[in-house]
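In C-alpha cells, the structure reads:
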C-alpha cells in the first residue's frame with residue numbers, strides 16, 4: 068500500500084510550468100521540410116560555395132498564445148538555428164554553421180542580409196496579434212521565415228562525387244512574441260521548425276572517385292518464402308554478397324568511408340526501408356551491421372580498391388509478412404575521413 072501511495076504522489080504531485088506571457092508556441096509544433104537536393108556545386112574543393120537555394124515553407128501557422136499586452140498591434144520573432152548546427156570552425160565567416168563533416172550552411176530569412184539566428188528586434192514583424200487571454204489557440208500566426216535563401220560551402224575536398232545531407236536535422240525554428248518596447252522572452256517550444264528530409268539527401272559534386280563506375284547495382288532476390296524470411300539480421304538465409312569496385316581519376320592512396328544513404332524501415336531503424344512495410348533489409352560489412360545513414364571503412368590504393376557488402380531481407384517479427392513484389396533502394400557514397 069505504501070508503494071501505491073508513493074506512485075500516486077509521483078504521478079500527480081507535479082507542478083505545471085506555464086509559458087511566458089505575450090508569447091506563442093506550437094502544440095504540436097508546425098513543421099516543413101526544406102529540399103536541399105537540387106543545389107549545384109561547381110567544384111569539389113574545400114571552400115566551394117553552392118548556387119543559392121531559394122526555399123519556401125508554410126506561411127500560416129497554428130499555435131497556443133498568451134497575451135496580456137492590450138495595445139500591441141504586431142508580432143516579433145526569435146529565429147533560431149537548429150541545436151545540431153554549430154558555428155563553423157573552418158569558415159572565415161561567422162554566418163556559416165556546420166551541417167556535416169563535409170558541408171557548412173548559411174541561412175537567410177526575411178531579407179537579403181537577415182542571416183540566422185536573429186532576435187526579436189529584427190525586421191520583418193507580423194501584422195496579426197493573438198486575442199487577449201492565456202492559453203488561447205490562434206490559427207493566424209504569420210511565419211515570417213517562410214521564404215529565404217540557403218548557401219552550402221564545402222568544408223573539405225570531396226572525392227566521392229557527392230555529399231550527404233543528414234536526415235531529419237532541424238535547420239531553423241521560429242518563436243513568435245508580442246512586439247513590445249522590451250520584448251518578452253521566447254517560449255520553451257517553437258511554433259515552427261524546418262527540417263532536412265528524412266532519409267537524407269545526396270548532392271552531386273564534381274566526381275573524383277566512384278563505386279562500380281557509377282552504375283546502378285541491381286540485386287535480385289528472386290522468390291522468397293514468407294515463412295522462411297528471418298526476423299533478424301543474423302544468419303545467412305537469403306543473403307546476397309555484393310562486390311564494390313572503387314576507381315578514381317587520380318592515383319590517391321588513403322582510407323575512406325562509404326556512407327549508406329537510405330530511409331529506415333518502419334519497424335526497425337537498423338534496416339533499410341522497402342515498399343513493403345513489413346519487410347526491411349540488413350546491410351553488413353565484414354559481418355557488422357551498417358545502419359542507414361551510417362558508414363563503413365574502406366581503403367583506396369593508387370586510385371583503386373574493392374570491398375564486399377552483404378544484403379539480406381528481414382521481416383517484422385510482430386506481423387505476418389504478406390506475399391507480393393517488393394523493391395528497396397540505397398545509395399553508397401565514398402567519403403573522406
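Residue numbers (the numbering used here): 68 to 404.
Every residue, glycine too, gets a C-beta built ideally from N, C-alpha and C.
Check, Outcome
"Same chain only: Cβ atoms within 6 Å of residue 399, ignoring 5 sequence neighbours per side", "278, 325"
"Spatial neighbours of residue 390 in its chain, beta-carbon cut-off 8 Å, leaving aside the 5 residues before and after", "293"
"Ranges of the alpha helix (DSSP H) found wholly within the segment 306-364, counting only runs of at least 4", "none"
"Cβ separation of residue 118 and residue 107, assumed to be a contact under 8 Å, to the nearest whole Å", "5 Å"
"Completely contained beta strand (DSSP E) runs for the segment 195-240, where each covers 3 or more residues", "200-209, 214-221, 229-232"
"Chain-order list of residues whose beta-carbon lies under 8 Å from that of residue 195 (same chain, five-residue window excluded)", "142, 207, 208, 209"
"Beta-carbon proximity of residue 261 to residue 238, cut-off 8 Å", "yes"
"Beta strand (DSSP E) segments (min. 3 residues) lying fully within the segment 90-170", "90-92, 97-100, 120-123, 127-134, 142-148"
"is_contact[residue 362, chain D] using C-beta, thresh 8 Å", "Of the protein chains in this structure there is only one, and it is not chain D."
"Residue 329 vs residue 381 beta-carbon contact at 8 Å", "no"
"Minimum C-alpha distance to residue 235 - residue among 334, 223, 145, 150", "150"
"Distance CB(residue 257)-CB(residue 144) smaller than 8 Å", "no"
"Residues of its chain near residue 135, where Cβ-Cβ distance is below 6 Å and the 5 sequence neighbours each way are ignored", "88"
"Cβ-Cβ separation, residue 360 to residue 267 (assumed contact under 8 Å), whole Å", "6 Å"
"Buried versus exposed call for residue 368 [16 or more other C-beta atoms within 10 Å across all chains shown]", "exposed"
"Cβ shell of residue 203 (< 8 Å), same chain only, five flanking positions each side left out", "131, 132, 133, 134, 197"
"Separation of residue 271 from residue 308, as counted between CA atoms", "27 Å"
"DSSP state of residue 268 mapped onto helix, strand, coil", "strand"
"Residue 291 and residue 374 closer than 8 Å at C-beta", "no"
"C-beta contact flag for residue 259 and residue 241 at 8 Å", "yes"
"Selection from 345, 332, 163 that minimises the alpha carbon distance to residue 386", "345"
"Alpha-carbon spacing of residue 146 relative to residue 188, whole angstroms", "11 Å"
"Proximity winner among 401, 379, 199, 403, relative to residue 394 (alpha-carbon distances)", "379"
"Distance, residue 365 Cα to residue 314 Cα", "12 Å"
"Cutoff 7 Å; reference residue 388; Cβ partners in own chain excluding five residues on either side", "293, 296, 345, 346, 382"
"Under the three-state DSSP convention, the category residue 391 falls into", "coil"
"Neighbourhood of residue 166 by C-beta distance below 6 Å, restricted to the same chain and skipping five residues each side", "172"
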